[in-house]
Structures are given as structure tokens and as C-alpha cells.
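Please read the structure below before turning to the comments.
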Amino acid sequence: MAKVLIHKKHTELVDGKIRVISKARQYYVADPTKDFHCSEGLLKKSDLKKSKVKTNKGFEFYIFDATFADRYRRIARGPQTIPLKDIGLIIATTGLNQESKVVDAGAGSGALAIALANIAKEVHTYDINDTHLAIAQENVKKLEIKNCIVKKHDITKSIPEKNVDLVNLDMPEPWLVIPHAIKALKKGAWLVSYSPTIPQVMDFCAAVHKREELFIVKTIELIERYWEIDERRVRPKTEGIGHSGFLTFVRKVW
Ligand SMILES: C[S@@+](CC[C@H](N)C(=O)[O-])C[C@H]1O[C@@H](n2cnc3c(N)ncnc32)[C@H](O)[C@@H]1O
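Under this note's numbering, the first residue of the sequence shown is numbered 81, with each subsequent residue one higher.
Written out as C-alpha cells, the structure is:
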């Protein structure tokens with residue numbers, strides 16, 4: 081079982097001023113059957129079984145078993161993956177649960193498919209690119225996900241699955257999938273399209289508008305801003321806010 085190691089920031093009061101002795105650090109130990117070396121010193125493999133320990137240089141670490149979220153952050157990345165903020169919105173908006181059947185394309189690195197499979201009953205993820213399929217397969221295996229089926233399939237040709245609760249699209253031409261999604265989805269179920277550019281959103285929405293069976297609930301760009309909280313220095317972090325993609329949520333109503 082992989083481990084997470086946390087060292088908390090250590091400060092001391094020197095001549096009335098707070099001095100940072102060591103910065104906060106976090107490590108992921110994939111193989112705790114071996115000694116672990118880091119810039120704070122050495123932890124023996126026997127130390128990694130404990131919950132609190134000091135390195136040979138005297139730095140204190142808290143140790144616990146890695147969770148799904150810790151292991152998920154370590155997946156291999158090929159094509160651009162969908163960020164956690166957008167995954168959270170998909171799950172919350174569609175009400176995905178342990179009964180849900182999901183179709184996802186393209187699989188890419190499998191990042192979204194794996195996150196959804198951690199909650200849903202089953203996820204079928206397709207891709208047309210062999211290199212991406214291999215990365216997604218490897219990630220599914222590494223995270224020991226049993227309910228995610230990765231397969232080579234062009235989603236613009238068909239969706240073989242039926243009675244689906246969510247069809248999620250993260251591929252260049254989502255509008256080509258609309259007729260197949262209508263056949264695959266249950267009434268009241270969700271079609272979600274994730275696209276990096278507005279022309280893609282426009283073409284997708286225009287195609288959805290032509291279908292009586294579908295209703296556009298919303299198109300959203302979720303902006304995430306990190307803050308620095310350090311004593312009285314409390315402000316947004318200086319690095320820019322990156323763009324990920326636009327999410328369009330559609331329901332099958334007929
Ligand atoms: C940006 S990646 C998807 C990333 C994925 N959502 C993730 O979080 O890891 C887009 C993927 O769509 C795949 N793709 C493009 N057209 C496709 C199609 N017609 N059917 C299935 N997959 C397709 C590409 O090969 C590529 O791997």
C-alpha cells in the first residue's frame with residue numbers, strides 16, 4: 081500500500097521574529113517496502129510502517145496510507161486531462177451515483193473515466209488512438225479500477241451501450257455524437273460536452289437545438305483561483321488563472 085508523508089511547516093520565534101525553520105512538504109511513497117530518501121533525510125522502510133516519525137536529520141513526518149485521490153494524482157498523462165474542478169461539476173450536476181451507467185469519449189489518459197468509475201456503477205470509455213488507449217488502460221490497471229471498460233471505438237459512428245445515465249464527450253467534434261447519444265441515453269439522463277473553444281460550443285449547441293429530444297441546461301466555464309494564506313499575507317496567488325474548457329450540460333427530455 082502506497083504511503084503519503086507530510087511534514088508541516090516549522091517556525092520558531094527568534095529575537096521576537098518568526099523564522100521559518102523548514103517548509104511544508106508532502107511526498108508520495110509508491111513502494112514502502114524500500115527505504116525512502118528525500119531532502120529532509122532518510123526514512124527506513126520500518127519507519128514507513130509508523131504514523132509519526134523523524135528522519136535521520138530530525139525532520140518530523142506524519143505518515144498514512146494513500147487514498148484514491150492520492151493515487152489518482154499520480155496517473156500517467158498523455159493528452160490533456162480534464163481538471164478536478166470540472167470533474168466535480170460533472171458529478172454534482174448530473175447526480176452521478178453507484179447505480180449510474182456512463183459512456184465517455186475520448187478516453188485520452190482515462191482521467192475523467194477513472195474519476196467517474198470511482199463513483200458510478202460502470203463506465204465505458206472509448207478512444208480511436210492506440211497510444212492514448214494504452215495510457216488509459218495502464219492507468220485503470222494501476223488504480224485497480226474494475227468497473228471501467230476501455231475500448232477502441234469511434235464514438236461518432238455509434239454508442240453500443242443502452243440505458244445510459246451520462247454520456248460525456250471530450251473530443252473535437254461532439255456534435256457528431258448527438259444522434260447516438262439520444263439513442264443510448266435514458267429519458268431524463270445527461271449529455272455533457274467538454275470543449276476548450278467557443279466555436280466548438282457554438283456548433284454543439286446549434287446541433288442540440290435542432291433536436292426535440294434534448295434541452296440545454298447550461299454552459300459553464302469554472303474559474304478556479306488559489307490563495308496564499310501566510311500569517312497576515314493573505315492574497316490571491318500571483319500565477320495566472322489558466323483556461324481548461326467549457327462544459328455544456330444537456331438533458332434528454334423526450
Ligand atoms: C483531450 S483527450 C480526452 C481526455 C480525457 N477526458 C481525460 O480526462 O483524460 C481527447 C481524446 O479524444 C479522442 N478522440 C478523438 N476523436 C474521437 C472519436 N471520434 N471517438 C473516440 N475518441 C476520440 C482522442 O484520441 C483523444 O485521446
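Positions of the beta carbon are idealized from the N, C-alpha and C atoms, including for glycine. Predicted model, so just to flag it, every value in this text is computed and none were measured.
Exercise for the section: Note down the Cα distance separating H233 from D207, rounded to an integer number of angstroms. Expected result: A direct Cα-Cα distance of roughly 6 angstroms separates H233 from D207.
Exercise for the section: Kindly examine ligand 1 and report whether one of its heavy atoms sits closer than 7 angstroms to the Cβ of T161. Expected result: T161: yes, Cβ under 7 angstroms from ligand 1.
Practice task
To the nearest angstrom, report how far apart D245 and S126 are at their CA atoms.
Solution key: When rounded, the distance between both Cα atoms is 47 angstroms.
Problem - Simplified DSSP state of D250, which is helix, strand or coil - result: coil
Exercise for the section: Could you say which of P276, I229, A156 lies nearest to V182 if we only look at CA atoms? Expected result: Selected option, being the one with the closest Cα: I229.
Handout entry: Strand pairing of C228, partner residues [DSSP]
Key = V203
Handout entry: Simplified DSSP state of E333, which is helix, strand or coil
Key = The residue asked about is misnamed: residue 333 is Val in this sequence, not Glu. Three-state result, V333: coil.
Practice task
Whole angstroms is fine: what's the gap from E179's alpha carbon to K201's?
Solution key: A straight line joining the alpha-carbon of E179 with that of K201 spans about 5 angstroms.
Exercise for the section: Take L294 as the anchor and find which of T161, H260, E92, V333 has the nearest alpha-carbon. Expected result: V333
Handout entry: Check: I235 C-beta below 7 angstroms from any heavy atom of ligand 1
Key = yes
Exercise for the section: Pair every Cβ in the region 215-224 with every Cβ in the region 151-161, then say whether three or more of these pairs are closer than 8 angstroms. Expected result: yes
Practice task
Mark I278 as exposed unless 16 or more other C-beta atoms lie within 10 angstroms of its C-beta, in which case mark it buried.
Solution key: exposed
Problem - the region 211-219 in contact with the region 161-177 per 3-pair CB rule at 8 angstroms - result: no
Practice task
Determine the DSSP secondary structure at D68, reduced to helix, strand or coil.
Solution key: The requested residue 68 is not part of the displayed model; the chain covers only 81 to 334.
Problem - beta strand (DSSP E) segment containing A269, residue limits - result: 265-275
Problem - Close-in-space but distant-in-sequence residues of the same chain around V100 (CB under 6 angstroms, 5 per side omitted) - result: Sequence-distant partners of V100 (beyond 5 residues in either direction) whose C-beta falls short of 6 angstroms from its own C-beta, in its chain, are T91.
Handout entry: According to DSSP, residues forming a beta bridge with A185
Key = Among the bridge pairs identified by DSSP, A185 is matched with Y206, L249.
Handout entry: Counterpart residues of E92 in DSSP-defined beta bridges
Key = R99
Practice task
Say yes only if the C-beta of Y206 is nearer than 7 angstroms to one or more non-hydrogen atoms of ligand 1, and no if none qualify.
Solution key: yes
Handout entry: 6 angstroms CB neighbourhood of N248 in its chain, flanking five on each side removed
Key = D184, V272
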